[in-house]
Structure formats: C-alpha cells, structure tokens
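Participant:
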Amino acid sequence: MFTDHGTFIIGFSTAKHHLSVSPEEVVIAHFADEIAQAGYSATKGLFRIPWNEPVNYELLEKIIEFNIQDKAEYTNFWRK
1 MFTDHGTFII GFSTAKHHLS VSPEEVVIAH FADEIAQAGY SATKGLFRIP WNEPVNYELL
61 EKIIEFNIQD KAEYTNFWRK
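Under full-length UniProt numbering, the sequence shown has 76 at position 76, and the numbering climbs by one with no breaks.
#1: Determine the contact status of isoleucine 28 and isoleucine 64, defining contact as a CB-CB distance below 8 Å.
#2: Could you check the C-alpha separation between asparagine 67 and alanine 38 for me, to the nearest Å?
#3: Would you grab the beta carbon distance between tyrosine 74 and threonine 7 for me? Rounded to a whole angstrom, and I think it's under 8 Å.
#4: List, from N- to C-terminal side, the beta strand (DSSP E) runs of 3 residues or more that fit wholly inside the UniProt domain "YdhG-like" (10 to 68).
#5: Apply the 10 Å Cβ neighbour rule to lysine 16 and answer buried if 16 or more other Cβ atoms are within range, or exposed otherwise.
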C-alpha cells in the first residue's frame, strides 16, 4: 500500500495468476476504458495484471498521479 500525506493512493497484492492493483473505486471508474484497452480484467475496486502479460507502466503512472493530484487537499485516508 502506498500513501501520500496520510491518504491512500494505491495498493498492490499478488495472486497465483496476476497482480491486483487497487486504486479506489472512483479511479477504476475514471480509467475504465484505459484499463480495458490494456487488456486487464477489473471489478469496481481493482484490476488485474496477469503475470504473463506486459505491465502498462504508463497507465500505472497516470493512475498514481491522478490520485495524488485528486486527493491533494484530502485529509481522510479513504475517499468517502
């Protein structure tokens, strides 16, 4: 899990066949088209990067930057 100024930015967890990326639901919705274009499956709270597929680092960077900017004045850990 990664935070910035005390607020959640992104989380990662491993599974047998993929890496789960959890940037919060609002971010999944915001980047839904790009996540799908990258070929990643998603739920409303996370998307999965299969171990046998290339990582779209540009998309990850955009998601992280979006969360940092969007939550710049946020004082809670999670979005409400």
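Glycine residues also receive a C-beta, built at the ideal position from the N, C-alpha and C atoms.
Facilitator: Answer, in terms of the structure:
#1: Contact flag unset, no.
#2: Looking at the two C-alpha atoms, the distance is approximately 19 Å.
#3: With a contact defined as Cβ atoms closer than 8 Å, tyrosine 74 and threonine 7 qualify at about 5 Å.
#4: Listed in chain order, the beta strand (DSSP E) runs fully inside the UniProt domain "YdhG-like" (10 to 68) are 18 to 22 and 47 to 50, counting runs of at least 3 residues.
#5: Burial call: exposed.
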